[in-house]
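Visitor:
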Amino acid sequence: MPGTFFGVEIARRGINVHRVAMDVTGHNMANANTPGYSRQAAVIQASDPWTIPNLATSLQPGQLGTGAQVEQVRRIRDYYLDVQYRQAGSYEGYWEQKLDFAQRIETVFPEPDGQGIQAGLLDFFNDWQDLNNDPQNSGVKAAVKESGDELAATIRQTYSQLVGIGESITGAISDQVDHANKLLTEIADVSNAIIFTIKNGAQPNDLLDQRDQLLDQLAALGPINVDVQDSGMITVNFINSTTTVLQDDGAGKVTASQLALITGAGAGGDENHLSVDGVDVINLTGLADYYTGAPEGAGMGAILGNESARLENKDLLEQLDNLAVAVIDNINDKSGLTFFTGTGAADIALDGGVENNCDIIIGENALEVARLQSTPVTIGDSTATLEEYYQGMVAQVGASVDKADRMLDNQQAISQQIDSLRQSVSGVSLDEELTMVIQINYGYQASARMLSMQDEMLDYLINRII
Amino acid sequence: MRRVSNMMITNNSIRYIQNNLQRSARLQEQIAAEKTILRPSDNPGQVSHVMAVNSTISRNEQYSRNIDDGLAYLNQADAALGTIGETLSDAKTLASQGANSHLGNDDRKAIAEQIDKQIDALVDLGNSSLGGKYLFAGKKNSQPPFYRDPATGEVYYRGDTQRVKREIVSGSNYEVDAAGVTDFGSANAGVFGTLADPTDPANQIDDPLNPGQKMTKVTGGPLEVLKNLRERLQNDDMTGINESLGELDEAIDVELVQRVAVGARTKHLQAVQSQLDDQNAKLQEVLSNIQDADFTKLTVEAAQNDLVYQASLLVSTKLLQTSLLNYLD
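Top to bottom, those sequences are chains A and B.
Here UniProt numbering is used: position 109 in the first sequence is 109, and no number is missing along the way.
Here UniProt numbering is used: position 302 in the second sequence is 302, and no number is missing along the way.
1. Give the secondary structure of residue 18 (chain A) by DSSP, where H, G and I count as helix, E and B as strand, and everything else as coil.
2. Is it true that the CB of residue 94 (chain B) sits closer than 8 Å to the CB of residue 222 (chain B)?
3. Answer yes or no: do residue 106 (chain A) and residue 39 (chain B) have a C-beta to C-beta separation smaller than 8 Å?
4. Residue 5 (chain B) and residue 231 (chain A) - do their beta-carbons sit closer together than 8 Å?
5. Is it buried or exposed, residue 134 (chain B), if we count other Cβ atoms within 10 angstroms and call 16 or more buried?
6. Where are the alpha helix (DSSP H) runs, 4 residues long or more, that stay fully inside the region 197-237 of chain A, in chain order?
7. Residues in the region 2-31 of chain B with C-beta within 9 Å of chain A's C-beta atoms, listed in sequence order?
8. Per DSSP, which residues does residue 167 (chain B) bridge with? Please list them.
9. Would you kindly report the start and end of the unbroken alpha helix (DSSP H) that includes residue 130 (chain A)?
10. Could you tell me the boundaries of the beta strand (DSSP E) in which residue 283 (chain A) lies?
11. For a test of the three-state rule: what should DSSP assign to residue 324 (chain B), helix, strand or coil?
12. Give a yes or no on whether 8 Å exceeds the smallest Cβ distance from residue 67 (chain B) to chain A.
13. List in chain order: all unbroken alpha helix (DSSP H) runs of 4+ residues lying wholly within the region 384-447 of chain A.
14. Using only alpha-carbon positions, find the residue among A:85, A:373, A:356 and A:307 that is nearest to residue 175 (chain A).
15. Using a Cβ-Cβ cut-off of less than 9 Å, give me the residues of the region 358-369 of chain A that come near chain B, in sequence order.
16. Excluding the 5 residues flanking residue 233 (chain B) on each side, which residues of the same chain have their C-beta closer than 6 Å to its C-beta?
17. For the alpha helix (DSSP H) containing residue 274 (chain A), name the first residue and the last one.
18. Measure the C-alpha to C-alpha separation of residue 214 (chain A) and residue 379 (chain A) and round it to an integer number of angstroms.
19. Given a limit of 7 Å on CB to CB distance, which residues of the region 333-352 of chain A reach chain B?
20. For the region 411-426 of chain A against the region 122-138 of chain A, are there 3 or more C-beta pairs whose distance is under 8 Å?
21. Would you mind telling me which residues of chain A sit closer than 8 Å to residue 58 (chain B), beta carbon to beta carbon, in chain order?
22. Kindly list, in the order they appear in chain A, the residues whose Cβ is closer than 7 Å to that of residue 62 (chain B).
23. Who are residue 148 (chain B)'s beta bridge partners in DSSP?
24. By a C-beta neighbour count over all protein chains shown, 10 Å radius and 16 as the cutoff for buried, is residue 91 (chain A) buried or exposed?
25. Please state whether DSSP places residue 12 (chain A) in a helix, a strand or coil.
26. From which residue to which residue does the beta strand (DSSP E) around residue 379 (chain A) run?
27. When the Cα atoms are used, what is the spatial distance from residue 37 (chain B) to residue 46 (chain B)?
28. Going by the beta-carbon positions, is the gap between residue 217 (chain A) and residue 235 (chain A) smaller than 8 Å?
29. Could you tell me whether any Cβ in chain B is nearer than 8 Å to the Cβ of residue 175 (chain A)?
30. Just checking: is the beta-carbon of residue 215 (chain B) within a distance shorter than 8 Å of some beta-carbon in chain A?
31. Roughly how many angstroms lie between the CA atoms of residue 323 (chain A) and residue 390 (chain A), to the nearest whole one?
32. Are the beta-carbon atoms belonging to residue 175 (chain B) and residue 163 (chain B) less than 8 Å from one another?
33. Along the chain, where does the alpha helix (DSSP H) that runs through residue 275 (chain B) open and close?
34. Would the beta-carbon of residue 221 (chain A) fall within 8 Å of that of residue 88 (chain A)?
35. At a CB-CB cut-off below 9 Å, which residues of chain A make contact with residue 328 (chain B)?
36. Output the distance between the C-alpha atoms of residue 159 (chain A) and residue 7 (chain B), rounded to the nearest integer angstrom.
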């Protein structure tokens with residue numbers, strides 16, 4: 001038989017449970033627009049019944065309940081979706097960078113109708129044709145000189161713009177490595193707070209959200225593998241599966257490694273590597289390998305995306321160099337004089353002799369030079385006309401933008417799909433919370449009414465019976 | 001049925017609005033530029049094709065210019081050959097007069113004097129020029145090629161014997177002149193004959209225009225026919241004068257053959273040019289098919305997209321405004 005104030009205690013617990021539930025709902029509503037927030041729910045349970053039957057007690061039919069209690073505040077989240085989302089985020093980060101730089105590279109090639117290298121070649125060869133028509137004419141020779149100068153300048157300018165883009169790519173990688181370091185430090189700090197909170201028997205829901213969001217950001221920079229333990233301890237592998245950047249320091253705390261970009265690494269001195277705590281362990285160039293297909297993880301993360309863009313840019317620089325060498329060699333050969341000087345696209349220029357006196361141009365050779373326009377020559381490893389080779393480069397540039405654009409679209413669609421699945425689990429719906437508010441409000445009011453009713457009852461018992 | 005959170009609706013709204021705006025921007029760009037391929041990535045498969053066609057068009061235009069230039073050359077040569085023909089016919093009339101046995105020595109000398117003037121006229125015709133270029137000088141055509149030595153009356157040549165050619169289609173170099181003179185020993189004479197043996201110093205004199213250089217004597221051809229006629233008139237050589245009449249007929253024939261050849265070349269160039277024009281018209285059409293904007297299609301698409309855009313804006317505002325909050329006291 002329960003005591004006199006047992007009902008008061010049940011009502012008190014009811015009020016308490018609904019107060020907590022209301023606070024959780026309020027917290028959810030307050031964070032309805034917080035990125036990365038997972039909705040929380042008060043897990044309400046009937047509290048232990050008044051008697052717990054055992055062998056020593058006589059068993060009576062039915063147990064008397066003692067009301068309700070909040071067992072825990074649950075964080076509603078699907079870990080599997082997190083893993084998927086981060087993977088999609090890695091792909092997205094990769095193609096975002098590829099597209100960004102591919103588009104910048106594209107601006108360097110004002111084709112198909114602009115005043116680019118193709119227009120330069122056309123003008124140049126047309127002037128040689130004119131010179132063939134009028135081999136002694138100084139005016140035409142001056143025109144050949146001018147268009148030659150312009151062609152060389154256009155090639156040099158294109159080259160230096162590509163070099164500039166290459167530098168910004170390396171700058172972007174360096175910034176992203178800094179960003180990764182910042183994220184790693186933050187994840188370690190948050191993780192240590194989580195471990196501490198769990199050790200104290202509490203559930204650090206908001207800290208877990210924060211950490212998950214930081215991990216999402218890290219995944220966009222480079223593919224990650226995350227291992228989380230119940231204690232809150234976390235281990236993270238970055239970019240390549242064997243490189244750990246967050247780990248147990250042996251004393252139950254998380255430590256973050258420091259990453260650094262090493263440029264000019266590798267045997268050829270033209271690779272980008274990452275060092276982890278000063279040790280050169282991640283070969284970005286190898287992992288982003290642009291030339292020989294994609295090794296595992298190659299298409300993931302902004303850092304590798306940038307590295308891949310850098311390699312593609314480098315490839316174009318080499319092609320432009322080949323083109324410039326072919327222009328210099330063949331024009332000089334056919335014109336029978338040093339018309340162009342230079343060793344490549346960086347320094348191709350009109351020869352000083354021609355510059356100062358265009359009359360040294362040999363008009364009788366004009367047709368031979370003009371015919372180069374449609375003659376396949378050796379350029380790099382291929383045989384093509386100068387124009388065809390350049391057209392190949394432009395097609396490559398266009399295809400690269402197009403591919404990155406489509407891949408990014410796909411990846412964004414996938415990310416959005418997964419994110420909306422995640423939102424569907426963890427996102428806050430205000431209508432849902434407001435419905436809860438009404439429900440909880442009634443529960444609260446009912447418990448309060450119960451209390452005041454018991455108050456009346458006890459009043460009658462204690463004060464009215466004389 | 002999946003749960004829907006408020007953030008999902010917000011994010012989706014932003015995404016839909018962005019997508020529609022992007023499409024609008026793209027359509028606007030295509031309509032404004034009147035083209036569908038504005039940068040390599042717009043159609044990577046076609047961009048090199050467009051560039052190659054552009055290049056062919058530009059090259060054809062250059063060939064067309066070369067042909068124009070060649071035609072002007074040939075027309076001028078034709079005119080000069082016409083005048084040469086007339087000069088030779090006149091000479092024949094004079095020679096016929098000279099062959100008249102009633103004439104005295106003074107009369108023949110007077111005719112010889114006129115023939116001498118005609119030699120000068122031929123030399124002048126040999127030095128015909130077009131835009132500063134001498135038609136019968138071969139490739140060395142920046143100076144008058146023929147020079148008549150006032151001391152001896154002999155004609156010398158300072159041009160070269162290379163033919164003037166124009167590239168009229170890729171790889172095809174076509175003659176656009178009539179050879180003024182041909183090399184010593186050539187089977188065919190030029191319009192004005194052939195060069196005498198240049199190894200014989202007797203055939204060369206110093207070039208007054210280009211110190212240090214030699215000029216070679218011109219033999220055969222109309223100049224020599226006239227020179228002989230002049231001498232025969234001066235010497236009252238009646239048999240010779242009659243011979244000259246035959247030689248003049250031959251020279252007129254040779255000149256006609258040259259003129260026919262020039263005409264044939266003119267015709268050929270005109271044919272190639274009209275072919276190039278046709279080709280360019282077709283290439284322009286190809287280009288237009290690949291890259292020109294279809295306004296009707298684009299305008300309809302733009303209108304359609306605008307409708308979708310407005311709908312997405314409207315739905316977003318409505319959706320974002322509605323919540324249980326509107327109905328709670």
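For each residue, glycine too, the CB sits at the ideal point set by N, CA and C.
Model, not experiment: these values are computed from the prediction.
Guide: In short, the structure shows the following:
1. helix
2. no
3. yes
4. no
5. buried
6. 205-221
7. 2, 3, 4, 5, 6, 7, 8, 10, 11, 12 and 15
8. B:173
9. 117-133
10. 279-283
11. helix
12. no
13. 386-426
14. A:307
15. 363, 364 and 367
16. 98, 108, 111 and 112
17. Counting along the chain, residue 274 (chain A) falls outside any alpha helix (DSSP H), though it belongs to the beta strand (DSSP E) covering 271-276.
18. 49 Å
19. none
20. no
21. 122 and 126
22. 126 and 129
23. B:155
24. buried
25. helix
26. 377-379
27. 9 Å
28. no
29. no
30. no
31. 7 Å
32. yes
33. 238-291
34. no
35. 434, 437 and 438
36. 46 Å
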